[in-house]
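For the sequence shown, counting from 1, position 154 maps to 154 in the UniProt record's numbering; every step adds exactly one.
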Amino acid sequence: MMISTVETNFNGSQPAVPSDNSAVVSAVTSKKKKKKSKKNGEKQMGDLKRELDMDEHKIPLEELCNRYGTDRVNGHTPERVAEFQARDGLNQLTPPKSVPEWVKFVKILVGGFSLLLWIASTLCLIAYGIQIAGNENPPGDNLYLGIVLFCVVLISGVFSYYQESKSSKIMDSFKNMVPQQALVIRNGQKMTINAEQIVVGDIVEVKFGDRIPADIRIISANSFKVDNSSLTGESEPQSRSPEFTHENPLETKNLGFFSTSAVEGTATGIVVRIGDNSVMGRIANLTTGLDAGATPIAKELTHFVHIITVIAVVLGIIFFIVALFFGYIWIDAIVFLIGTIVANVPEGLLITVTVSLTLTAKRMAKKNCLVKNLEAVETLGSTSVICSDKTGTLTQNRMTVAHIWFDGRIIEADMREDQSNGQYSSDDASWMALARITMLCNRAEFKIDQENVPILKRECNGDASESALLKCVELSIGNVMKYRREHKKVLEIPFNSTNKFQVSIHECKDETTGSHYLLVMKGAPERIIDCCSTILMDGRDEPLNENYKEAFNSVYMMLGGLGERVLGFCDYQLPPKEYPLDYPFDADNINFPISGLRFVGLMSMIDPPRAAVPGAVAKCRSAGIKIIMVTGDHPITARAIAIGVGIISEDSKTVQEIAEERGIPVEDVDPRDAKAAVVHGGELREMTPAQIDSILSNHSEIVFARTSPQQKLLIVEGCQRLGQIVAVTGDGVNDSPALKKADIGIAMGIAGSDVSKQAADMILLDDNFASIVTGVEEGRIIFDNLKKTIAYSLTTNIPELVPFIIFLLADVPLALGTIAMLFINLGTDMVPAISLAYEEAELDIMKRKPRDPVKDKLVTDRLISASYAQVGLMEAAAGFFAYFVVMAENGFLMDRLVGVRAEWDSPAVNDLMDSYGQEWTYYQRKRLEITVYSAFFVAVIITQWADLLIRKTRRLSIFQHGMKNHYLTFGLFFETALAAFLCYTPGLNEGLKFQPLRFTWWLCAIPYSLLIFTYDEMRRFLLRRYPGGFVEREMYY
1 MMISTVETNF NGSQPAVPSD NSAVVSAVTS KKKKKKSKKN GEKQMGDLKR
51 ELDMDEHKIP LEELCNRYGT DRVNGHTPER VAEFQARDGL NQLTPPKSVP
101 EWVKFVKILV GGFSLLLWIA STLCLIAYGI QIAGNENPPG DNLYLGIVLF
151 CVVLISGVFS YYQESKSSKI MDSFKNMVPQ QALVIRNGQK MTINAEQIVV
201 GDIVEVKFGD RIPADIRIIS ANSFKVDNSS LTGESEPQSR SPEFTHENPL
251 ETKNLGFFST SAVEGTATGI VVRIGDNSVM GRIANLTTGL DAGATPIAKE
301 LTHFVHIITV IAVVLGIIFF IVALFFGYIW IDAIVFLIGT IVANVPEGLL
351 ITVTVSLTLT AKRMAKKNCL VKNLEAVETL GSTSVICSDK TGTLTQNRMT
401 VAHIWFDGRI IEADMREDQS NGQYSSDDAS WMALARITML CNRAEFKIDQ
451 ENVPILKREC NGDASESALL KCVELSIGNV MKYRREHKKV LEIPFNSTNK
501 FQVSIHECKD ETTGSHYLLV MKGAPERIID CCSTILMDGR DEPLNENYKE
551 AFNSVYMMLG GLGERVLGFC DYQLPPKEYP LDYPFDADNI NFPISGLRFV
601 GLMSMIDPPR AAVPGAVAKC RSAGIKIIMV TGDHPITARA IAIGVGIISE
651 DSKTVQEIAE ERGIPVEDVD PRDAKAAVVH GGELREMTPA QIDSILSNHS
701 EIVFARTSPQ QKLLIVEGCQ RLGQIVAVTG DGVNDSPALK KADIGIAMGI
751 AGSDVSKQAA DMILLDDNFA SIVTGVEEGR IIFDNLKKTI AYSLTTNIPE
801 LVPFIIFLLA DVPLALGTIA MLFINLGTDM VPAISLAYEE AELDIMKRKP
851 RDPVKDKLVT DRLISASYAQ VGLMEAAAGF FAYFVVMAEN GFLMDRLVGV
901 RAEWDSPAVN DLMDSYGQEW TYYQRKRLEI TVYSAFFVAV IITQWADLLI
951 RKTRRLSIFQ HGMKNHYLTF GLFFETALAA FLCYTPGLNE GLKFQPLRFT
1001 WWLCAIPYSL LIFTYDEMRR FLLRRYPGGF VEREMYY
């Protein structure tokens, strides 16, 4: 089955042409138009792949307003709006040109292996037509075979189309992210309009809960935060303000992007980009315009079709020539040619492969890997590089308090429900002071009706960091919400990017001082320490001297180096005389101290790795799979997580670290000396493809941090240039181009956006990286099992072909009829072949390297040799032994059969003498012929028992591997029962050209079956005994 892809065409302008020679000119211009369209499409895709280049966030606001002819207070005039809409169009995403459904269906019907069956079906009908021309009562075998093959292709095509039609609605998912309404200021008036009516230069207002309707430059903001996770991969909400803070538009704080969500505060902005020109629009067009290419298994099946086609055509031509040499007329020779080609086509293999992939997909779904495209089942097993997102895939996507520093000691936070750590408790005065700040200076709250839910699993309102702090103190102290109610908040200054701290003041009561106000503050540690003059140590306030500051800096750097987000905490008890109850605190004109405070401690948080990830990463390493982390997070955080999960070994060093150790410039270090590399997106932006390839090939442990969607795509393309089969994980819109381009895209089922799920080939239902490793194992198993299935299915081609050859060369009656051949390929062989999909791995399949797509093909010359030249010939010998036994027991010895075909098949001859002088009428001969068809058919079935058993393993003895596959055992009984049913069912056997057989005729093939089994056991013994020897080089498939 082939994957149908949607390709976006961008048509260029077409020059006028003269009307003379209109047909020729039309053809030429049409060809030029296609070339130009293709060039334009490639140019546009190239533009989309380049990094976003814009200056709207850098230039002064007045210059920006002049550029769009707008007023920052009053907005556009109606005339200006109309002018921009006429020029730029609507603020919407343009859908790509879609391929009609009937074209997709036809492509599936004639693609790959299906095309071979179509050719075989057509040739059968042609052969039947030729037979009609030369015979008044031609046999209907070719007609029946042609019709059956037609039905097989049609049924498989409908099934494949159904699977295909369930995916690839990517642009619809992008459209679902677009807001419907927007609040704009035009002509001095606020108005709500349809978001698609927005133009560049519009002044828009955005508040908490809104989706940003276009790319905007922030003019003013009040505690404004946006969720950019789907766009940039940053897990934390990002604050937005009018200040220009970074050259990179994706990292500066003064831009908000189309379709991202406002999660806190309000803002006003000027629209700088709309629709397809927005950052989101560029990603949408890049994703829908990418050509994913054929999957590895599709390439393998195409390769298989080529092999079978060459074998079939070469044999067909050879026997066409032989037939002419033996004096057959050309019409008969053509029938022989067609028959030889058709006999080489494994009619049931298309269904077998499809069903095998479907069964594996179902098995993977039970292990949390939902496969959208059947071909992706095997692709995952072929993967040699996994480009993994960090947040939610390698980590839990749940910020957790990791370390606490107070009283001069670092403590690992106890985040267990039973609080069995015992390193801090409510009896510790310093911890209680730190916990008090954490409880009060915190806006996160538990959602209602969760009293019976474990604390760590409770959902919260508030950002991830504050939720982590809330859960930590709830575990340790308990009743946080009650404590807050008892300590009324009278003032709050929310965290902002300028101050980098959050302050709140609360009413407190105690036995010694009575009622008073307590100021609590948390924020960036360097800002908090600057606000303090004392430090709490062992329950006492001490001056904050240089020794304490050095200890603070040391701990702060250490925790930051672990990739943890560190917050500082301080407090101050406001003197009751200066700040009596009902004191009018003012947050705008601060009338209370924010310096000279008491430093209490530090708390650090991290999104911890999933428990199963380090083991899964280690398993990938042993399987020869390189794991590259690609994330939007900070390099320090990314590296710390990479070390934590095993992507970077603890003793691995980067080029920069080696240069620092040796005291030499970075340029003098050989990149191959450094196992690890941590590359910032800013560095990646300046790299050429050759430099990217150098990083990917010279380093085994790689982390890319602060990457953009285009950069993630470039990383995937770089891996593919190096011949790797690439799997990519992602959950956001930013990941969708890479997911589409990868050999297999893997989206997250829980945290993943609709866009990422549509762009992907597979969805992780539990968002767990460990499930990918399970999928890799299943993919490797199905590749091995498909080899076994194909080897088993191809074997019967020889016992089906040889009777035809002997019929031609020795001029004997035909030993096997077309209908019997059909029942082997589409009947008795189907269930056993499918049962091989259930075989377990022979050895530890995750200890070997990924297969080389160039050398390790699904079908090789050694597999063809094993099926055709070895086992196939033995099965043909078994069939002919049964054939000659039946003929002999009915009076026709071998010497009498040679050269008798013309008389045998002539209805006019009703007195043909056998070896004992008995006369046979035409009707009697044909009944005997059907009997030998049945004997030959049964002989093939009996030898296929042994063929099925030897295909269970490619290296191990069956006595080592065992008979654990109950489906295969059922397959053995099924094919035997079906053969008996066809031979012994009255009426049915006559209609289908089968005859009842004596019991002894069933036994003719058993010696050959034992021979096949013994022969292959010996082959596998020599494989194990002499690894790398002659037998492995020439006979291991």
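For every residue, glycine included, the Cβ atom is placed at its ideal position computed from N, Cα and C. Quick caveat, the model's predicted, so the values are computed rather than measured.
query	result
Distance between beta carbons of V655 and D571, contact taken as under 8 Å	The pair is not a contact, with the Cβ atoms about 45 Å apart (cut-off 8 Å).
Contacts around I477, its chain only, beta-carbon distance under 6 Å, and the 5 residues preceding and following it disregarded	A435
Burial state of C620 (16 or more Cβ within 10 Å)	buried
Selection from Y933, K757, I750 that minimises the alpha carbon distance to P813	Y933
Completely contained beta strand (DSSP E) runs for the region 89-125, where each covers 3 or more residues	none
R485, buried or exposed, once every other Cβ within 10 Å from all chains shown has been counted against 16	exposed
DSSP beta-bridge partners of S239	K225
C-alpha gap between V199 and Q85, whole angstroms	6 Å
Cross-strand partners of H506 (DSSP beta bridge)	K489, L518
Backbone CA spacing between G987 and F994 [nearest angstrom]	10 Å
Where T943 falls, given that 16 or more other Cβ within 10 Å makes a residue buried	buried
Alpha helix (DSSP H) segment containing H303, residue limits	296-325
Contact under 8 Å by Cβ, G561 with I636	yes
Exposure label - D633; buried when at least 16 CB within 10 Å	buried
Cβ-based burial, R1020 [other Cβ within 10 Å; buried from 16]	buried
Residues near R80 by beta carbon distance below 6 Å, same chain, minus five either side	G69
Supposed contact pair A267 and S220 - C-beta distance, whole angstroms, cut 8 Å	7 Å
The alpha helix (DSSP H) enclosing I782, as first and last residue numbers	769-795
Within 8 Å, strictly: CB atoms of I819 and L992	yes
Counterpart residues of T266 in DSSP-defined beta bridges	K207, N222
DSSP-derived helix/strand/coil call for V726	strand
Cβ pair A638, A705 closer than 8 Å	yes
Whether A882 touches A1005 by CB criterion (8 Å)	yes
Collapsed DSSP secondary structure at Y1026 in the structure displayed	coil
Cβ pair A402, M557 closer than 8 Å	no
Beta-carbon spacing of T260, M830 below 8 Å	no
Check whether L897 and M887 have beta carbons under 8 Å apart	yes
Residues of its chain near M874, where Cβ-Cβ distance is below 8 Å and the 5 sequence neighbours each way are ignored	T943, Y1008, L1011, I1012, Y1015
Helix, strand or coil at Q995 [DSSP, three-state]	coil
Which of helix, strand or coil DSSP assigns to L374	coil
Buried/exposed call for A727, threshold 16 Cβ in 10 Å	buried
Spatial distance of G265 from K225 (CA atoms)	7 Å
Contact check, G563 vs I641, beta carbons under 8 Å	yes
CB contact flag (L349, S652, <8 Å)	no
Burial state of E778, where buried means 16 or more other Cβ atoms lie within 10 Å	buried
Secondary structure of N461, DSSP reduced to three states	strand
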